[in-house]
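If you read the protein sequences in the order shown, they are chains R and Z. Numbered according to my numbering, the first sequence spans residues 340 to 974. Numbered according to my numbering, the second sequence spans residues 43 to 311. Idealized CB from N, CA, C, for every residue including glycine. This report concerns only the one structure given below.
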Amino acid sequence: MAQPETADKTPAVEVTPPEPRAERRESPRGGRYDLGRGPAVLALSSVGVVLVAAGYAGGRDGANGALVAYWIGQVVVFTPVVVRLLSRRLAGTAESFLLVMGLAVHQYLLKWMYSPDQFRFPDELQHWLATTIISDTGALFRPNPALPPAVHFPGLAEMGAGAAALTGLPVTAAGLLVAGVAHLVFVGVLFTAVLRASNSPAVAGVACVVYATALHYLFFNSMYLYQTAALPFFLLTVWATRRWRTEGGWPFLTVAALAVAVTTVSHHVTAFALVATLLLLGGTELVTGRPRRWSALLMPAAAAAVVAAWIAFVATDVIGYLQAPIDRIGQSLSQLVTGGASDAATPGIAVGQLTLQGLGLAGLFVLCAAVARDMVRRRDTDAWRWAALIGGGLFFAGNGVRFLGSNGPEAAGRLATFTYVPISIVAALALVHAVPIPLRPSRRSWSNHHSRIAKGDAVGRGPVLRVAAGSALITLLMIGARVGGWPPVGSLLPGRYLAGAFERSVDAYGVEAARWQRRTLGPGNRVGGDVTAVSLASTYGRQDPVRETAPLFYATQWGLTEDDLVDSLDLDYLVVDQRLGTHLPESDSYFENDPQAGRITHPLTAQQLGKFDSLIDVDRLYDNGTIRIYRMDIG
Amino acid sequence: MSARTARILAGVTAAAGIAVLTGPRAMAVVAGLLLGFVLPGLALTAALFRGRVLMLVERSVLAPALSLAVLVVAGLVAYVAGLRLDRPVWTAATVGVTLCALLVPGVPLPRRQGPPVVPLLAGERRSTGGSLPPLRVTRPLPVRRLARQLMPMAVVVAMLGGAAWLSLSSARRGYDVTVTALSAAPPGAVDAAGQRSVAVRATGLVPADGPYALVVSAPDGTATERRTVVPTGSSWTGRLTVGADRTTVGLYRAGDTTAYRTVYIAAVQ
């Protein structure tokens, strides 16, 4: 990450630096538009997309070998691009960018093909509803009972509603387009930011493919969720801030300010992460820079002020919304320190999954340690490189959060969305520049060369070993991310109904029942049920979700306790899916706030599910053979 | 951006605006995509960074990013202004921003000082950009070579198209099941005769399973009413009159001895 840059200014610049010794990647044989073998590599990668599509189709049909096709496809999509990016024959920026964006398109298609006809993941449905509300009412900040905090972060919904209105497409199609464009912009800005910072198309490309192995990259960061809309602007702020710091000028400042604003009105957690990131970048610049430039703190201060103002005056409910999960993690941490018993079990993680991810993490740690050692030895003063290293350290610390209670894995995944950016850059630096790996004193490096990070050279005597080892490591990380990320291992392929399996739990029976609620009951009734029933009722059904009804299902007999709970929840309707009596939950729980989460060993009994029929003062108003809907408030 | 390019872009923007508001569906989709994801960002990038050189990579990323930002900011401004966020407003906002941004290059640039020169540290050197070439292309675009290199992209498009078709068709096939449901609206109030009126609806009726029958039963299981269901299309709607006691309504397929679908109307409290 050579700093500062002055090359892209047209006015006369007084500095006339010597022409650097060009590496092959920086001087494409065919000129600046040389695409090299990029298109051919992408053609090979696209075969993987077809294989995954065949795997998905096989999963829906219950065909044998579908999972094999899926895994082969995942590797074929990913690994050829990685190998080419690590290769010394990479033509230059054009090929690197084409490969990275092509891979991003392919991987977005992998996400889309899982559920191509409709949104199924609960959070996507919530944002589909938020967008639909804007399209229907023509106004922002309208109540959204499915996800109340999203009302005050309308960025994504505005994009979706705007795209739907301009194109005339349905909200689902417009949402898929917006999510896809936002995802591609995110990858593009990551490439651009790293390219500017490292001045190496190989480092930029490898950083992007390493980032593509983040746990949430393939699904959560490309779903129609408000974080997907905020992430590109998070990185755009970083890119613009860097260019403003190195070159000055109001255009970059304007873009940075605009990006801060859009991030802030799009997603709370991303906005907080943006402030923290800018603080880290400003802090390292302040510490490493001589003379000290206090102006480095201007952008983080401005971002903090914007975010604080939005939360203080508009999104006042977000603190309460985030308080509960933070409290739970704090409680788990406290119990861990004091040795107390935790009431929220950490979800069990398979040994194989842990091994895969552990190996990948170990590889990343070695690369990170090698870069750190190299920087210390060279007394590196590059503020942004130090920031990347510190961010990488935070990534490893954040991985510990996954073991803190039931919210741990989700919190760790969310944290990794941001901390995986610096660790990707550090890993790319190490892999491309062949940083000496201190394995053993006698064989401490992959090459005998001194580190060339600052010089931007990509050399080494073991290029084949470097490409092979690097590709293997990144592919391992990708496999680990697919195994430990989303969807869960049990529902990697789409297919028939599974209980408590989010997308896999959404089928025609549930959707029809939800649509009946809206059509017949009207909106705004308080409706409870299992996770999927509540999700569908609150979105397709436009009902007010009640997420605390698990005890009503687990009771074997109806009594005063259940009557009291119905009264206290002000419950109007209860949706009962008969399949809870035949399927164990894929996600360790049937319900939100499930008191039996992680301890369910058998499906609900016929007595538990059938007791509602014996209640003489309860209507059963809907029956489609699978879903039954009871009216609980007739008294 | 040259004046000629700006004029072309302005023309495309105006045409896209007209197509969105009055054009046929297919044209509106294309025009809407341009206005939503490309044109405002393209114009803003040109306006903001005139006189500065950006990499093609940066421009290609900034165009959609700033276009998305325009949608967000325009939505907030329209909301504050009390405007309804509908197609004309979105169109006016995106077209307006694009055209205004295209006017900016006509304004002369203020005199700008050279960039601040940050002192280099020992052992460091100033980057020349290396792989970040200037925007102005002095060499002609190697069209033939690019075309040759891009030929495999035809395979990519074909593969992705095939994968998309396969996924979409299999997802639709998997989802496309007939859901036969019997439902009742919440019953009305009891009338002077102690009766209640209930709207009942059966949907997803399959002709091969018919004729369907609707049986209304008292609490003791005695059938009080039996109707043959004659669906219109695949659904049937009717109105039943039931007493104050708990009532069972069952839907039977031809040959069924137990109800295929059942709803209960609770007793009056």
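Nearest-angstrom Cβ-Cβ length linking residue i and residue j, presumed shorter than 8 Å
i, j, result
"residue 913 of chain R", "residue 888 of chain R", "7 Å"
"residue 415 of chain R", "residue 390 of chain R", "6 Å"
"residue 910 of chain R", "residue 971 of chain R", "5 Å"
"residue 493 of chain R", "residue 604 of chain R", "7 Å"
"residue 105 of chain Z", "residue 135 of chain Z", "Contact flag wrong, Cβ pair sits at about 17 Å."
"residue 853 of chain R", "residue 880 of chain R", "4 Å"
"residue 883 of chain R", "residue 865 of chain R", "5 Å"
"residue 424 of chain R", "residue 805 of chain R", "12 Å between Cβ atoms; not a contact."
"residue 260 of chain Z", "residue 240 of chain Z", "Not quite, the Cβ-Cβ distance comes to about 14 Å (not below 8 Å), so this is no contact."
"residue 651 of chain R", "residue 613 of chain R", "That belief does not hold up - the Cβ atoms of residue 651 of chain R and residue 613 of chain R are roughly 17 Å apart, past 8 Å."
"residue 270 of chain Z", "residue 255 of chain Z", "6 Å"
"residue 372 of chain R", "residue 433 of chain R", "5 Å"
Alpha-carbon to alpha-carbon, residue j and residue i
i, j, result
"residue 202 of chain Z", "residue 248 of chain Z", "37 Å"
"residue 169 of chain Z", "residue 538 of chain R", "Residue confidence is low: residue 169 of chain Z scores 41 on pLDDT, short of 50, so the model does not pin down where it sits. Its coordinate-derived value is still stated next. Distance between the alpha carbons of residue 169 of chain Z and residue 538 of chain R is about 8 Å."
"residue 357 of chain R", "residue 631 of chain R", "A caution first: residue 357 of chain R carries a pLDDT of 40, below 50, which makes its placement in the model too unreliable to give a value."
"residue 185 of chain Z", "residue 83 of chain Z", "26 Å"
"residue 964 of chain R", "residue 251 of chain Z", "15 Å"
"residue 588 of chain R", "residue 627 of chain R", "23 Å"
"residue 752 of chain R", "residue 125 of chain Z", "39 Å"
"residue 714 of chain R", "residue 721 of chain R", "9 Å"
"residue 893 of chain R", "residue 947 of chain R", "6 Å"
"residue 571 of chain R", "residue 727 of chain R", "18 Å"
"residue 590 of chain R", "residue 599 of chain R", "14 Å"
"residue 64 of chain Z", "residue 474 of chain R", "19 Å"
"residue 88 of chain Z", "residue 144 of chain Z", "8 Å"
"residue 7 of chain Z", "residue 451 of chain R", "Lying outside 43 to 311, the shown extent of chain Z, residue 7 of chain Z is not represented and no answer is given."
"residue 663 of chain R", "residue 669 of chain R", "10 Å"
"residue 821 of chain R", "residue 200 of chain Z", "26 Å"
"residue 495 of chain R", "residue 480 of chain R", "13 Å"
"residue 703 of chain R", "residue 919 of chain R", "42 Å"
"residue 212 of chain Z", "residue 518 of chain R", "22 Å"
"residue 736 of chain R", "residue 700 of chain R", "12 Å"
"residue 286 of chain Z", "residue 293 of chain Z", "21 Å"
"residue 365 of chain R", "residue 428 of chain R", "Low confidence applies here, because residue 365 of chain R scores a pLDDT of 48, under 50, leaving its location unreliable; read the following figure in that light. Cα to Cα, residue 365 of chain R sits roughly 11 Å from residue 428 of chain R."
"residue 732 of chain R", "residue 711 of chain R", "10 Å"
"residue 629 of chain R", "residue 621 of chain R", "14 Å"
"residue 966 of chain R", "residue 301 of chain Z", "15 Å"
"residue 535 of chain R", "residue 719 of chain R", "18 Å"
"residue 623 of chain R", "residue 916 of chain R", "55 Å"
"residue 163 of chain Z", "residue 46 of chain Z", "In this predicted model, residue 163 of chain Z has a pLDDT of only 34, less than 50, meaning its place in the structure is not dependable; the value taken from the coordinates is given anyway. When rounded, the distance between both Cα atoms is 44 Å."
Chain Z residues whose Cβ lies nearer than 8 Å to that of residue i
i, result
"residue 382 of chain R", "194, 195, 197, 198, 201"
Beta-carbon proximity check, residue i vs residue j, cutoff 8 Å
i, j, result
"residue 819 of chain R", "residue 696 of chain R", "yes"
"residue 849 of chain R", "residue 878 of chain R", "no"
"residue 127 of chain Z", "residue 514 of chain R", "no"
"residue 406 of chain R", "residue 394 of chain R", "yes"
"residue 445 of chain R", "residue 656 of chain R", "no"
"residue 431 of chain R", "residue 381 of chain R", "no"
"residue 593 of chain R", "residue 113 of chain Z", "no"
"residue 77 of chain Z", "residue 58 of chain Z", "yes"
"residue 284 of chain Z", "residue 258 of chain Z", "yes"
"residue 530 of chain R", "residue 439 of chain R", "yes"
Beta carbon proximity, residue i to chain A, threshold 8 Å
i, result
"residue 826 of chain R", "Note that chain A does not occur in the displayed structure, where the protein chains are R and Z."
Closer than 8 Å at the beta carbon, the chain R residues around residue i
i, result
"residue 204 of chain Z", "389, 392"
Closer than 9 Å at the beta carbon, the chain R residues around residue i
i, result
"residue 262 of chain Z", "Simply none; closest approach about 13 Å."
"residue 127 of chain Z", "473, 474, 476, 477, 478, 479, 497, 500, 501, 504"
"residue 117 of chain Z", "473, 479, 493, 494, 496, 497, 498, 500, 501"
"residue 252 of chain Z", "Within 9 Å Cβ-Cβ: nothing; residue 252 of chain Z doesn't reach chain R, min ~16 Å."
Amino acids of chain Z, ordered along the chain, whose beta-carbon sits closer than 7 Å to that of residue i
i, result
"residue 955 of chain R", "288, 308, 309"
"residue 590 of chain R", "90, 91, 94"
"residue 575 of chain R", "107"
Distance cut-off 7 Å: residue i Cβ against heavy atoms of the ligand COA
i, result
"residue 968 of chain R", "The ligand COA is not part of the structure shown, which contains no ligands of any sort."
7 Å Cβ cut-off: residues of chain R touching residue i
i, result
"residue 132 of chain Z", "501, 504, 505"
Chain Z contact residues for residue i, given Cβ-Cβ distances below 9 Å
i, result
"residue 855 of chain R", "223, 225, 243, 245"
With three or more C-beta pairs closer than 8 Å as the rule, is the stretch 450-459 of chain R touching the stretch 192-209 of chain Z?
yes
Segment contact flag, the stretch 398-405 of chain R with the stretch 460-469 of chain R, C-beta cutoff 8 Å, min 3 pairs
no
Quick check: the stretch 538-556 of chain R against the stretch 752-771 of chain R, are at least 3 beta-carbon pairs closer than 8 Å?
yes
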